[in-house]
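Residue 211 in the UniProt record's numbering is what sits at position 211 of the sequence shown, and the numbering runs on without skipping anything.
Quick reminder that beta carbons are idealized off the backbone N, C-alpha and C, glycines included.
Everything below concerns the one structure shown next.
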Amino acid sequence: MSVPYKPSTTARLLAEFLGTFVLVFGGCGTAVFAAQVMDDAAGVNMGVGFLGVAFAFGLTVVVMAYAVGHISGGHFNPAVTLGTALAGRTKWSDVGPYMLIQILGATVAGGVLLAIASGKAGFDAQESGFATNGYGERSPDGYSMLSVLLIEIVLTAVFLYVILGVTDRRAPAGFGPLAIGLSLTLIHLISIPVSNTSVNPARSLGVAWFAGGEALGQVWLFILAPLVGAAIAGLTYNLLFPDRGAVNADIAGQEANDATA
């Protein structure tokens, strides 16, 4: 009889560190290095633009969820950790360590991105924006603080509903990482012009530390809004989509125990 695999706490935290590092390095790195690459002679942007950045964030989640999701659950995001805990999918004892290691992974990724970007003459993290999130004048298309707050709450809630849905025991097995990555791509397609898309406090903090100034002054919103959105989804998923099968199984098990008592 095979023994179920149970990863150690160290393995789970390392998986969250690696997954969050790759998410920020891949997604924010695409925004910093590849979103706008001008051909000076032709005056044409040869970069990937918003569409490429959206796919970069989605692809990082797909590949890392398949790579290490079986070890840690593949959160890579403090909002996901909070939402899944509120939905009863994550142990509360894991919440603090997961959040801390996710922020650390994002910060290390931000530091590596800064080291690479600084190799280009004239680069300045604060002036360039360094893939940070913002509202008002720091919103890519000038959206207000209220607009940014609303879109970040709504889209984080949507993201958590997708995550909770595809990891539900009733969902088809094996497609979770793909659905989650595609949903994050869609989220970025919707909201890059509004907020530069966070839905992840670690992603926002990981680059804001290094951009400083207004980026760091506005990062509170990109901590608060994703956590609120995740809490909404985490608290309501089981109410909206109750698992009657699990309830019936629990009842049947209790009746069997009573019969043998």
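- Between F21 and A109, the CB-CB gap stays under 8 Å.
- Along the length of the region 9 to 66, whole alpha helix (DSSP H) runs at least 4 residues long occupy 9 to 29, reported in chain order.
- Counting only residues of its own chain and dropping the five nearest sequence neighbours on each side, G234 has a CB closer than 8 Å to the CB of L82, G83, T84, A85, L86, A87, L160 and L164.
- Excluding sequence positions up to five before and after S139, its CB lies within less than 7 Å of the CB of V148, V194 and S195, all in the same chain and listed in chain order.
- Taking all protein chains shown into account, N77 has 16 or more neighbouring C-beta atoms within 10 Å of its C-beta and is therefore buried.
- Apart from the 5 residues on each side of it in sequence, G26 sits with its Cβ closer than 6 Å to the Cβ of A56 and T60 in its chain, given in chain order.
- For the alpha helix (DSSP H) assignment, the uninterrupted runs of no fewer than 4 residues enclosed by the region 148 to 235 are, from N- to C-terminal side, 176 to 195, 201 to 211 and 213 to 218.
- For S128, the enclosing alpha helix (DSSP H) has its first and last residue at A125 to S128.
- When C-beta atoms of the region 24 to 44 are compared with those of the region 203 to 216, three or more pairs fall below 8 Å, so the two segments count as touching.
- Taking C-beta separations shorter than 6 Å and ignoring five residues to either side along the sequence, the partners of L23 in its chain run T60 and F76, following chain order.
- Between the C-alpha atoms of G43 and V37 there is a straight-line separation of about 10 Å.
- A Cβ-Cβ separation of about 5 Å places A230 in contact with T156 under the 8 Å criterion.
- Taking the C-beta atoms as reference points, E152 is found no nearer than 8 Å to V95.
- Scanning its chain for C-beta atoms nearer than 8 Å, with the 5 sequence neighbours on each side dropped, one finds around A11 the residues I71 and S72, in chain order.
- R89 sits in coil when the DSSP states are folded into three classes, being neither helix nor strand.
- Looking at the backbone, the Cα of L227 and that of G119 are separated by about 35 Å.
- Collapsing the DSSP output to three states places D141 in coil.
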